[in-house]
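A.B. asks: First the structure, which I've put down as structure tokens, then a few questions once you've had a look.
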Amino acid sequence: MGQYAGRGGEAWGARAGDLRTRAGDADAAGDAQETIEQVTAALESAIRIFVGISARSLAAVDPAPTLPQLRTLVMLHSQGPVKLAALAASLQVSPSTALRMIDKLQATGLVDRRVNPRNRREVVLRLTAAGRHLVERVLARRYEEIGTIVARLPAEERTGLIRALRALSQAADATRTRPAD
Numbered sequence: 001m002g003q004y005a006g007r008g009g010e011a012w013g014a015r016a017g018d019l020r021t022r023a024g025d026a027d028a029a030g031d032a033q034e035t036i037e038q039v040t041a042a043l044e045s046a047i048r049i050f051v052g053i054s055a056r057s058l059a060a061v062d063p064a065p066t067l068p069q070l071r072t073l074v075m076l077h078s079q080g081p082v083k084l085a086a087l088a089a090s091l092q093v094s095p096s097t098a099l100r101m102i103d104k105l106q107a108t109g110l111v112d113r114r115v116n117p118r119n120r121r122e123v124v125l126r127l128t129a130a131g132r133h134l135v136e137r138v139l140a141r142r143y144e145e146i147g148t149i150v151a152r153l154p155a156e157e158r159t160g161l162i163r164a165l166r167a168l169s170q171a172a173d174a175t176r177t178r179p180a181d
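Using our numbering, you'd call the opening residue of the sequence shown number 1 and step up by one each time.
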């Protein structure tokens with residue numbers, strides 16, 4: 001269909017196809033927003049489930065660390081001995097926040113500070129044997145409970161979940177920002 005002509009022959013209005021395209025764009029934008037909202041709601045529900053799993057796994061160990069303390073312990077477990085600045089960067093917190101966390105964890109015997117043998121001016125943080133044991137117990141318990149849930153999904157759903165979670169992780173990595181000190 002062509003454009004409509006006004007007095008004097010000037011074109012005004014839009015073609016019917018243009019209107020359908022614009023309406024389709026609005027529908028697509030609305031559908032995209034609705035999908036984003038559905039994904040966000042589903043993730044919020046999953047987060048509540050996983051926070052519950054984490055809380056139960058923490059309650060089963062003694063001393064029971066807080067979730068932020070566990071995050072610090074897990075980071076030390078996965079990275080090995082690190083300097084405070086590197087740990088703070090990995091946790092995306094300020095060095096002073098990381099130091100307060102390390103002070104608490106050291107007081108409970110889960111973290112140790114040692115002078116770096118290669119540079120005696122540096123202090124290196126590492127898990128103690130008790131810290132490693134605690135992290136391994138918590139992670140094993142979480143892994144077991146999550147595995148029980150995932151095993152209930154049909155194989156096709158599990159495969160789709162793997163793809164979706166990998167894509168989500170990549171998107172999160174791409175948008176991650178550094179905290180202000």
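Backbone N, C-alpha and C fix where the C-beta goes; we use that ideal spot for every residue, glycine too.
Could you compute how far the alpha carbon of Val-93 sits from the alpha carbon of Ala-172?
C.D. replies: 17 Å
A.B. asks: Taking the C-alpha atoms as reference points, what is the distance between Glu-136 and Ala-129?
C.D. replies: 11 Å
A.B. asks: Is the beta carbon of Gln-106 closer than 8 Å to that of Arg-114?
C.D. replies: Their beta carbons are not under 8 Å apart, which means Arg-114 does not touch Gln-106 by this criterion.
A.B. asks: Lys-83 bridges to which residues according to DSSP?
C.D. replies: Per the DSSP secondary-structure output, Lys-83 pairs in a beta bridge with Val-124.
A.B. asks: Do Val-61 and Val-138 count as a contact pair if the criterion is CB distance below 8 Å?
C.D. replies: yes
A.B. asks: How long is the line joining the alpha carbons of Ser-54 and Leu-73, rounded to whole angstroms?
C.D. replies: 14 Å
A.B. asks: Alpha carbon to alpha carbon, how far is Asp-31 from Ala-64? Give it in angstroms, no decimals.
C.D. replies: 44 Å
A.B. asks: Just to confirm the assignment, what range does the alpha helix (DSSP H) spanning Val-135 have?
C.D. replies: 129-151
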